[in-house]
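Asker: Right, I'll just put the structure down here and ask away after.
Protein chains: 4
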Amino acid sequence: MYNLDFKSDRSMDLVGIGRLCIDLNADQFNRPMEETTSFTKYVGGSPANIAIGAARLGLRSGFIGKVSDDQMGRFIQQYLQKNNIDVNGVSVDDTGAVTGLAFTEIKSPENCSILMYRDNVADLKLDTTNVSEDYIQQSKALLISGTALAASPSREAVFLALDYAKKHGVIVFFDLDYRAYSWNNDKETAVYYNLVAEKCDVIIGTREEFDMMEQFENFSQDDHKTANKWFDYSAEIVVIKHGSEGSIAYTKEGQTERSGIFKTKVLKTFGAGDAYASSFIYGLMNGWDLDQGMQFGSASASIVISKHSCSDAMPTVEEINQFLKSASISEKE
Amino acid sequence: MYNLDFKSDRSMDLVGIGRLCIDLNADQFNRPMEETTSFTKYVGGSPANIAIGAARLGLRSGFIGKVSDDQMGRFIQQYLQKNNIDVNGVSVDDTGAVTGLAFTEIKSPENCSILMYRDNVADLKLDTTNVSEDYIQQSKALLISGTALAASPSREAVFLALDYAKKHGVIVFFDLDYRAYSWNNDKETAVYYNLVAEKCDVIIGTREEFDMMEQFENFSQDDHKTANKWFDYSAEIVVIKHGSEGSIAYTKEGQTERSGIFKTKVLKTFGAGDAYASSFIYGLMNGWDLDQGMQFGSASASIVISKHSCSDAMPTVEEINQFLKSASISEKE
Amino acid sequence: MYNLDFKSDRSMDLVGIGRLCIDLNADQFNRPMEETTSFTKYVGGSPANIAIGAARLGLRSGFIGKVSDDQMGRFIQQYLQKNNIDVNGVSVDDTGAVTGLAFTEIKSPENCSILMYRDNVADLKLDTTNVSEDYIQQSKALLISGTALAASPSREAVFLALDYAKKHGVIVFFDLDYRAYSWNNDKETAVYYNLVAEKCDVIIGTREEFDMMEQFENFSQDDHKTANKWFDYSAEIVVIKHGSEGSIAYTKEGQTERSGIFKTKVLKTFGAGDAYASSFIYGLMNGWDLDQGMQFGSASASIVISKHSCSDAMPTVEEINQFLKSASISEKE
Amino acid sequence: MYNLDFKSDRSMDLVGIGRLCIDLNADQFNRPMEETTSFTKYVGGSPANIAIGAARLGLRSGFIGKVSDDQMGRFIQQYLQKNNIDVNGVSVDDTGAVTGLAFTEIKSPENCSILMYRDNVADLKLDTTNVSEDYIQQSKALLISGTALAASPSREAVFLALDYAKKHGVIVFFDLDYRAYSWNNDKETAVYYNLVAEKCDVIIGTREEFDMMEQFENFSQDDHKTANKWFDYSAEIVVIKHGSEGSIAYTKEGQTERSGIFKTKVLKTFGAGDAYASSFIYGLMNGWDLDQGMQFGSASASIVISKHSCSDAMPTVEEINQFLKSASISEKE
């Protein structure tokens, strides 16, 4: 069991904060990008994907972010609105920033890479003046994505949002989403990740991400110690993902749950984590048992990695249930 | 008549210097970019387009530029090579720069715009150490594109290339290609454009570009005075383009030629100038009369604006001749 | 009473972290700087001054900082060593940074100002790799100066030092030392000051500095509420300074002490806070009663503001006792 | 003989453009800076020194530059005015820039060095909008100092001033004043120095400075070839300085003059070149024979290097004549 007190008097369920980008996914698969000739445009960015996934599942979602003042930025805003995401927390940059881009290359289902455009991007221009205390206190939960910590002034905006959330009893989910290319060095990264994690209720990340955060510790690669470290601060649940080995969740109250992954026809690996997070959060916000939420997350991930996009492929409850009926899970111990 | 002494003992005809980029052209036309869903990838950048155009016409072409060390940069190099352009002058950036991008939006044939990604681009990282005196002296002509002057160290690389060209009797073409977004202010722009133009043999630009360069002068918008100003320095030919009104060419020896444009079914306006320049240069390098070269340039421009890409649409001599047979020119006085 | 557990098994008493600079104090007083003709050179920077003051009083002091690789940096290192401060934690910059400068202008004792040189300064280049866990755990106490939070990578170095201090039971003093010119905006400032203050044992600042930190709170300018806020985190003692009105200290255990200032012949106001902090810390580390430490601090401040320098004027215990014998305090309620 | 047509109808004789700085000269000599304790403040910067020197000799001088909006900037303006230099061309920075500083270290008369503060300096913020065509055309001559070319926007401001000077028949002196620390690399440096030198009437520099400018040439270290190169452009006189060996001047009309240096009691070597330039220019503007001007320059240099400051030590005509009466020159062949 776990103890997350979602306030019932809030008008929104989940507000994401951080990256709003564009994915440009190669239309031609199984070849290097030098040989692709066209790209399809999708909204992207980990917290954007999670917010879209949550909205598809029926959560009343909102977003705090910043978009460029051009066609790309307007496309993002319009897409969020079409997906029933409140955009009152989304600001428009006025400094000439651009929208971050991620060109995907799918050499094979197991060999995918991304070519990023992250110079002068609008999402990292989010600043403290763009973060409304009033907006945050209207929500049951806040989702923080670690990439938003990579640079000022976005970094400070996240800390301020976190302060407001704590002040108003908003449950905070922290999806680590560590992207080395965004950071100067891993010591700085660990400093900020730890400062945020100390104040969060639910922390979700890969084993490698937690390793990065533990570089100043004496223990290493011990999931149980990792979880306990954060239970000493504010965490109620810690989820550690092990790729194809599945994931493991710990609760402050002592529960441990493992979850495998579903076999599926994989097109690309992108988006699995975001799909998992959105569905797992959905489960928690509905008071489900941990194992049920984890299974729901794994199913959602399997659906997304079989499709071309991340955001646009986020499934509904019905799709996930349909998938679960026909799927066979490969459980790991 | 004009007096351009192309040295016959050179192994290349034309070396371009400057921008090597990617165009991402919307696959869906006649709508704002917010509503386009996919883009096709082409090599772009004015001097790249001119070099490709020149190579298609049979000129032995080379290039001095810098590409990113990623899939985009390798695509550019491969495309140049496929088009018989020597890439021994093309360097690979080692600082983490990206390839410049131009997303095109075709709302209507008359209403086209470009969304540029120009932060931290590899082409502007070209520096003096990348410019080989030996490479330049192997060519009959050097083509300078003004955008390469927009920032250091590319700016200094161009000045050095220009010095080498003058030292070795390489004829210098200056395509103004002024893009306001690349510059801090128009006074700085004019300073550098003028410093380069003083040393060039052939200067090609729009009336608006020459206006920018003449902001410190007492005369304005007088094509004849514009041309004479540069004849007092090194110019032999000055071409001033007036959009749909056609263009006008002056020679130091006193000749004036006007040229109209051909009627065609326009898809977009991009690429017209680059097509014109490559074909006009081809004419000059073959010793054609001015009017013949201008007509050839106008035909080439008409072909390119009827197609989806700029670079990939550059015509061969046969295509231009075929076009000229069937075309009716709308001459302007 | 207060409860600060200084570990007795440490080889150092106090390690400062942050700014190491040069003061250039006008040799001519009571005139604008336009009319001064020469300057005398001293080591400066708030934490440097406090460390020097503490060393003069007999505390075994050390420092974590970064100096420029030039004559100014070497002068600072030599001066610290002459004052019996361990410099094993002081790194030398290798990026071409300079030493920060503070030119003082003394128009009158009440009208002093500083002209700062803070571009590309070595002290703010301190980074996480320069912070040794081993060094910090050798000390009873760590002194953090807020200005070191103003920019990366110094900011992250301070957070890391703070983590190490907490891990090893090192008592942390936080001298707010807020200098608006070092920061982008006061929201960012408050975010970082609060993140640090949450983990500190003793917080010392002016009323204005605490106001800056409380801009997201609903209360304001209430010393008691200010103190209580930090007692909810880690603080044991909070000292709030009110300029010529004296200062007030609160302890977590409920004690409140007020202290006035001593009348003296003032030359300039600089250095009063640093002298106060070093002597007050000396008192705490000797287990003195709060009021005794505060009086000692006020006496030290009075001595320093009657002299030309800050660092070089830091008094010994004997000097302070001598001063106290002859001084009459103007107590405020 | 030489042919410099100074227009008689101008209200100013000489306008300098470029660096306005502060020298902080160690009050203690013959020791490393770590051991100096105080500094005296003077106006500094090569073109400032030359303008001050010229004004002391009676030339009606003006200046185009930018100073910081603080006590240092105001001190510079006031000092220039006290020395009868017109400051209508001096702008005040509004971006928070500081005044450049030069701390001098005099270990011995032969071993002097400078510690520079050149980050975010006001003098390099001079931009094209600060350069008045009207101001320049009021002067007989313009003095360009090469350091002003080291960065944008100052670089473009110099090119614009040069254009205005050429347009209005203002004679242009180019004092090379090359400081490696201000530049990215020597190829860029050479590019810009050459672009300016091509348009100047009188070029004054050391052999090492000309070597830097000739790195793309096939000849080297040949004074005569150096001079001839510039006679092919616009130069009328080229002066090449060989340190203690004296200097050599060439005219376009074929004259060659050598000049030695005077024996004097040297305090420091700074300022010799600026004193020489101001007095040599004075000679040219009075129509003196080359050798007379060179001797006057050498005498002025000897006076300055025997004193503590550069700017403040600039001599009057009477002082130089007095010196010449008693001096014995050590002529070199």
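Protein chains in written order, with the UniProt record's numbering: chain A, 1 to 333; chain B, 1 to 333; chain C, 1 to 333; chain D, 1 to 333.
Using N, Cα and C, we set each Cβ at its ideal position, and we do this for glycine too.
1) If you draw a straight line from the C-alpha of residue 252(A) to the C-alpha of residue 198(A), how long is it?
2) Rounded to whole angstroms, what's the CA-CA distance from residue 220(D) to residue 325(B)? Just pull it up for me.
3) Which residues bound the alpha helix (DSSP H) around residue 196(A)?
4) Residues of chain C with CB closer than 7 Å to the CB of residue 222(A), please, in chain order.
5) For my contact list, residue 223(D) and residue 203(D) are in at a C-beta cut-off of 8 Å; report their separation, rounded to the angstrom.
6) Assess contact between the stretch 102–110 of chain B and the stretch 62–74 of chain B, defined as three or more Cβ pairs (one per stretch) separated by less than 8 Å. Is contact present?
7) Which residue wins for smallest C-alpha separation from residue 194(D), given the options 160(B), 139(B), 30(B) and 257(B)?
8) Helix, strand or coil for residue 276(A)? Go by DSSP, reduced to three states.
9) Closer than 7 Å: is that where the CB of residue 41(D) sits relative to any heavy atom of the ligand COA?
10) Comparing C-alpha positions only, which one of 111(D), 9(D), 90(D) and 292(D) sits nearest to residue 32(D)?
11) Which bits of chain B does residue 80(A) rub up against, with CB to CB less than 7 Å?
12) Against chain C, which members of the stretch 183–199 of chain A pass a CB distance test of less than 8 Å?
13) Are the C-beta of residue 28(B) and some C-beta of chain A separated by less than 8 Å?
14) Which ranges does the beta strand (DSSP E) cover as unbroken runs of at least 3 residues, wholly within the stretch 196–241 of chain D, from first to last along the chain?
15) In chain order, which beta strand (DSSP E) runs of at least 3 residues are fully inside the stretch 71–100 of chain A?
16) Below 8 Å, how does it come out for the stretch 139–147 of chain D and the stretch 274–290 of chain D: are there three or more Cβ pairs, yes or no?
17) Please state whether the Cβ-Cβ distance between residue 128(A) and residue 165(A) is less than 8 Å.
18) Does the beta carbon of residue 92(A) come closer than 8 Å to any beta carbon on chain B?
19) Give the range of the alpha helix (DSSP H) segment to which residue 323(C) is assigned.
20) Does the stretch 38–50 of chain A touch the stretch 304–323 of chain A, meaning 3 or more C-beta pairs lie closer than 8 Å?
21) Round the Cβ separation of residue 65(C) and residue 124(C) to the nearest angstrom and send it over; I've been treating them as touching at under 8 Å.
22) DSSP state of residue 271(C), grouped into three classes?
23) Around the Cβ of residue 30(D), are there at least 16 other Cβ atoms within 10 angstroms (buried) or fewer (exposed)?
24) Is the beta carbon of residue 60(B) sitting closer than 8 Å to the one on residue 314(B)?
25) Could you tell me whether the Cβ of residue 38(C) comes closer than 8 Å to any Cβ of chain D?
26) Provide the residue span of the beta strand (DSSP E) that contains residue 7(D), from first to last.
27) Between the stretch 116–127 of chain B and chain A, which residues of the former have a C-beta closer than 7 Å to a C-beta of the latter?
28) Thinking C-alpha only, which one of 82(B), 228(B), 183(B) and 26(B) is nearest residue 151(B)?
29) Between residue 262(A) and residue 306(A), is the Cβ-Cβ spacing less than 8 Å?
30) Answer yes or no: do residue 117(B) and residue 89(B) have a C-beta to C-beta separation smaller than 8 Å?
31) I need the DSSP call for residue 332(A), collapsed to helix, strand or coil.
32) Tell me residue 42(B)'s beta-bridge partners as DSSP assigns them.
33) From which residue to which residue does the beta strand (DSSP E) around residue 365(B) run?
34) With 16 as the cutoff for other CB atoms within 10 Å, does residue 226(C) come out buried or exposed?
35) Using C-beta distances below 8 Å, list every residue in its chain close to residue 237(D), excluding the 5 sequence neighbours before and after it, in chain order.
36) At least one CB of chain B closer than 8 Å to the CB of residue 156(D): is that the case?
Answerer: The answer reads as follows:
1) 14 Å
2) 58 Å
3) 186–197
4) In chain order: nothing, as chain C lies at least about 18 Å away.
5) The pair is not a contact, with the Cβ atoms about 12 Å apart (cut-off 8 Å).
6) no
7) 160(B)
8) helix
9) This structure lacks the ligand COA, and indeed carries no ligand of any kind.
10) 111(D)
11) The contacting residues do not exist; residue 80(A) stays about 13 Å from chain B at best.
12) 184, 185, 187, 188, 191, 192, 194 and 195
13) no
14) 202–206 and 237–241
15) 90–92
16) yes
17) no
18) no
19) 317–326
20) yes
21) Not confirmed; about 10 Å, so no contact.
22) coil
23) exposed
24) no
25) yes
26) Segment: none, residue 7(D) is in no beta strand (DSSP E) and carries neither H nor E.
27) 117, 119 and 120
28) 183(B)
29) no
30) no
31) With a pLDDT of only 41 at residue 332(A), under the threshold of 50, the placement of this residue in the model should not be trusted; the figure read from the coordinates follows. If DSSP states are grouped into helix, strand and coil, residue 332(A) belongs with coil.
32) 23(B)
33) Past the edges of chain B, shown from 1 to 333, lies residue 365(B), and the structure says nothing about it.
34) buried
35) 2, 4, 201, 202, 203, 249, 250, 251, 252, 284 and 290
36) yes
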